[in-house]
Amino acid sequence: MLMFSCESTTLRVLVVDDHELTRLSLYLAFPAQENFQVVGLACNGQEAIDMIKSCQPDVIVLDLQMPVMDGWSASSQIKAISPHTQILAYSSVEDANFFGSKSTPSFDDVCRKDVPTNELIALVKQLGQRARNA
Numbered sequence: 000m001l002m003f004s005c006e007s008t009t010l011r012v013l014v015v016d017d018h019e020l021t022r023l024s025l026y027l028a029f030p031a032q033e034n035f036q037v038v039g040l041a042c043n044g045q046e047a048i049d050m051i052k053s054c055q056p057d058v059i060v061l062d063l064q065m066p067v068m069d070g071w072s073a074s075s076q077i078k079a080i081s082p083h084t085q086i087l088a089y090s091s092v093e094d095a096n097f098f099g100s101k102s103t104p105s106f107d108d109v110c111r112k113d114v115p116t117n118e119l120i121a122l123v124k125q126l127g128q129r130a131r132n133a
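Residue 9 in numbering that gives the first Met the number 0 sits at position 10 of the sequence shown, and the numbers go up by one each step.
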């Protein structure tokens, strides 16, 4: 679990993924955008929950399949703690029925990991606007 300083003037993003390469790639990609800041990196849902109050992210990019606590379980607890935080379910699962087979009310949007980086960034920006308007 890594926590970074939080600035209120930027879009604050928490990246939660059990794969180090994914976490670090997003850590590098997001701050390259204007007004983006990665406020923390977590490798499972429990770490994300522990970081919510201190980091106060606008958007969480949340992997669904992780050890300790998966994104499905973490999302409802995150929303209970911080209802305005936007949660982007971020998964490599290719089965189109996967998201339909489980309840997704705690997710504000869903994104597959194979989307181009610019599409992911645009989606996170859109969710950030929702968080700020809530």
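Using N, Cα and C, we set each Cβ at its ideal position, and we do this for glycine too.
I think A130 touches D57, with their Cβ atoms under 8 Å apart; what is that distance to the nearest whole Å?
Locating residue 130 in the sequence shown gives position 131, counting from the first residue. Locating residue 57 in the sequence shown gives position 58, counting from the first residue. A130 to D57, Cβ: 4 Å. Contact.
Distance between Q36 and Q128 (C-alpha atoms, nearest Å):
If you number the sequence shown from 1, residue 128 lands on position 129. If you number the sequence shown from 1, residue 36 lands on position 37. Cα-Cα distance, rounded: 14 Å.
For P30 and V109, the rounded distance between their alpha carbons
Counting from one through the sequence shown, the residue named residue 109 turns up at place 110. Counting from one through the sequence shown, the residue named residue 30 turns up at place 31. Rounded to whole angstroms, V109 to P30 spans 21 Å at the Cα level.
Can the beta-carbon of S53 be found less than 9 Å from the beta-carbon of G70?
Counted from its first residue, the sequence shown places residue 53 at position 54. Counted from its first residue, the sequence shown places residue 70 at position 71. Not a contact, by the Cβ cut-off of 9 Å.
Is G44 closer than 9 Å to L20 when the C-beta atoms are compared?
As a position in the sequence shown, residue 20 is number 21, starting the count at 1. As a position in the sequence shown, residue 44 is number 45, starting the count at 1. Contact flag unset, no.
Suppose contacts are defined by Cβ-Cβ distances below 9 Å. Is Q85 in contact with L126 by that definition?
By 1-based counting over the sequence shown, the position of residue 85 is 86. By 1-based counting over the sequence shown, the position of residue 126 is 127. Their beta carbons are under 9 Å apart, which means Q85 touches L126 by this criterion.
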